[in-house]
Amino acid sequence: MKLKKALITGITGQDGSYLAEFLLKKKYIVHGIKRKSSSFNTSRIDHIYENKRYKNKFFLHYGDLLDPNSLTSVIKKIKPDEIYNFAAQSHVGVSFKLPNYTSQVNSIGTLNILQSIYDCGLVSKTKFYQASTSELYGEIQEKKQSENTKFYPKSPYATSKLFAYWITKNFRESYKMFASNGILFNHESPRRGETFVTRKITLGLSRIIFGLENCLYLGNLYSLRDWGHAKDYVEMCWKVLQHKKPDDFVIATEKQYSVKFFVDQCFKYLRIKIKWFGKNLNETAKIIDFDKNQYPFLKKNMTVVKISKKYFRPNEVNNLIGNASKAKKLLKWKPKIDIRHLIKEMMDNDLENIRKSKIK
Ligand code: NAP
Ligand code: F7E
3 MKLKKALITG ITGQDGSYLA EFLLKKKYIV HGIKRKSSSF NTSRIDHIYE NKRYKNKFFL
63 HYGDLLDPNS LTSVIKKIKP DEIYNFAAQS HVGVSFKLPN YTSQVNSIGT LNILQSIYDC
123 GLVSKTKFYQ ASTSELYGEI QEKKQSENTK FYPKSPYATS KLFAYWITKN FRESYKMFAS
183 NGILFNHESP RRGETFVTRK ITLGLSRIIF GLENCLYLGN LYSLRDWGHA KDYVEMCWKV
243 LQHKKPDDFV IATEKQYSVK FFVDQCFKYL RIKIKWFGKN LNETAKIIDF DKNQYPFLKK
303 NMTVVKISKK YFRPNEVNNL IGNASKAKKL LKWKPKIDIR HLIKEMMDND LENIRKSKIK
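Following this line, the structure appears as structure tokens:
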């Protein structure tokens, strides 16, 4: 039997690493594009690369979404059955600081891949998955956002992803390419980038517990998100490309929590009692009660969370929650991991890593 070949851009990122594992288990040959970096950027996939079982099944190629030649040469050589475009400048806050760069990578970068598929004569062979996002909904036009909800992007990131969403559709409609958008709501994991809010919280609290830091600084505590688990969601990306026809799908848990709830649940999991004081920029959380034997570095009344203006965005997306009925019905999917398990996994992972690094 001929094995399927997949190409993943953004393989060194959170989703790329989980999808690579998932596809290898499904007996795919997996190729990934990584960009040249002056420091190591493969920590999320080193375990795959080093696994003897995946020798001759897992390959990395240098490339960059902004370098069409690099994309065309890899695509021409591999002739993949499926391409998953996960590469992006994916941080919404950073996109306000780097609007031009974000737009180049996320918009033109996506076009570069689609055009390479076309130029390599692979339109009828290669299926294309675009990592679209709930940020497209921005200023929400419907209580729960589905494939039919109007978009209202509110950041350079979201606007760049709007172009990518539409150019994917354009190639589908113009050339009958199997090109689909997965409109994914936030998804997290122990592999989440350290500056996204959930990971910042689990890592920050772990550092406080081990006495490496005193306080965690956050922005908008009242922002509401629909948080799933990245491992769950990459299975959906694959299912989107296995559907009988190319289409667009919302992937979400359909449950919504605030950033403050996420903080509270982390402390609850750690069995540390906190209390919130003050309002707006003066809001803080203090430690009220804890087990001194378990947490020797903590002190009663210690202020562990403060608000910093620095982490507010010029334009905030306050409220997102998905309606994933279409994916549930057509792709026969429902999320497996709930927010409590997600928090447990993320907290355990960060605590363990810091504990190990302190022993070294
Ligand atoms: P991530 O961890 O930030 O990973 C982004 C990946 O893109 C990294 O591998 C990065 O490489 C690579 N990359 C950045 N610029 C590139 C360029 N110019 N050329 C080639 N590669 C480049 O993101 P993620 O959380 O896994 O998300 C995957 C995709 O889904 C992204 O497109 C994101 O916008 C989208 N998305 C994410 C979520 C979410 O909640 N996670 C929700 C909806 C949509 P380095 O490792 O070298 O930096
Ligand atoms: O922020 C608020 C912040 O940066 C979530 C990306 O994967 O999901 C992600 O975008 C919320 C926002 O993710 C801090 O203002 C408060 O309201 O974790 P985040 P995001 O902006 O939702 C979408 C679906 C993507 O597509 C993106 O690629 O939390 N918030 N305080 C904070 N956010 C951060 N980063 N840091 C804070 O200190």
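Note that our numbering has the sequence shown beginning at 3, numbered continuously upward.
Ideal Cβ placement from N, Cα and C applies to all residues, glycine included.
Residue i and residue j look like a contact to me (Cβ under 8 Å); what is the Cβ gap, rounded to whole Å?
| i | j | result |
| --- | --- | --- |
| THR11 | LEU67 | 6 Å |
| LEU220 | VAL94 | About 15 Å separates the two Cβ atoms, so there is no contact after all. |
| ASN71 | ALA90 | The Cβ separation is near 20 Å, so there is no contact. |
| TYR271 | LYS358 | That pair is no contact at about 20 Å. |
| ILE77 | SER118 | 5 Å |
| ILE47 | SER92 | Not a contact, Cβ separation roughly 17 Å. |
| THR204 | MET349 | 5 Å |
| THR135 | ILE85 | Going by Cβ atoms, the distance from THR135 to ILE85 rounds to 18 Å, so no, they are not a contact pair. |
Residue i lies in the alpha helix (DSSP H); which residues open and close that run?
| i | result |
| --- | --- |
| GLN258 | First-last for GLN258: undefined, no H or E at that position. |
| GLY206 | 199-211 |
| ALA329 | 327-332 |
| GLY123 | First-last for GLY123: undefined, no H or E at that position. |
| SER105 | 101-105 |
| ASP48 | 48-51 |
According to DSSP, is residue i part of a helix, a strand, or is it coil?
| i | result |
| --- | --- |
| VAL95 | Before going further, note that residue 95 is Gly rather than Val in the sequence given. Reduced to three states, the DSSP call for GLY95 is helix. |
| HIS245 | coil |
| ASN58 | coil |
| VAL13 | It is worth fixing the name first, because residue 13 is Ile in this sequence and not Val. Three-state DSSP puts ILE13 in coil, outside helix and strand. |
| TRP229 | coil |
| LEU220 | strand |
| GLY280 | coil |
| ALA89 | coil |
| LYS360 | helix |
| ILE274 | coil |
| ILE142 | coil |
| VAL319 | coil |
| GLN117 | helix |
| GLN369 | A question about residue 369 goes unanswered here, because the residues of the chain that appear run from 3 up to 362. |
| ASN355 | helix |
| ASP83 | coil |
| SER134 | strand |
| TYR154 | coil |
| ILE339 | coil |
| SER40 | coil |
Less than 7 Å separating the Cβ of residue i from some heavy atom of the ligand ADP?
| i | result |
| --- | --- |
| SER118 | The model depicted lacks the ligand ADP and carries the ligand NAP and the ligand F7E instead. |
Got a sec, what are the start and stop residues for the beta strand (DSSP E) residue i sits in?
| i | result |
| --- | --- |
| PHE173 | From DSSP, PHE173 is part of no beta strand (DSSP E) but of the alpha helix (DSSP H) over 158-177. |
| PHE251 | 250-253 |
| VAL76 | Run containing VAL76: none in the beta strand (DSSP E); it sits in the alpha helix (DSSP H), 70-80. |
| ASN188 | Looking at the DSSP string, ASN188 is not in any beta strand (DSSP E), and its letter there is neither H nor E. |
| THR305 | 305-309 |
| LYS36 | 31-36 |
| LYS288 | 286-291 |
Using only Cβ atoms and a threshold of 5 Å, which residues come within that distance of a heavy atom of the ligand F7E? Order them by chain position. That query returns the following residues: SER92, VAL94, THR135, SER136, GLU137, ASN188, PHE198, VAL199, LEU220, GLY221, ASN222, SER225, VAL261 and TYR313.
Three or more beta-carbon pairs under 8 Å between the segment 84-100 and the segment 150-161, yes or no? Taking 8 Å as the limit for Cβ pairs, the verdict is that the segment 150-161 does touch the segment 84-100.
For the 8 Å Cβ check, are there 3 or more pairs between the segment 204-212 and the segment 160-177? At 8 Å Cβ cutoff, the stretches do not touch.
Is it a yes or a no for the segment 295-304 touching the segment 196-206, going by three-plus beta-carbon pairs under 8 Å? The segment 295-304 vs the segment 196-206: no contact.
Count the CB pairs spanning the segment 172-181 and the segment 218-238 that are closer than 8 Å, and state whether there are at least three. No, they do not touch.
Counting pairs of beta carbons, one from the segment 248-255 and one from the segment 278-286, are three or more of them closer than 8 Å? No, they do not touch.
Stretch-stretch touch, CB-based, cutoff 8 Å, three pairs: the segment 29-42 with the segment 54-62: Yes, the segment 29-42 is in contact with the segment 54-62.
Taking one C-beta from the segment 144-151 and one from the segment 325-335 each time, how about it: are there three or more such pairs within less than 8 Å? Output reads yes: the segment 325-335 touches the segment 144-151.
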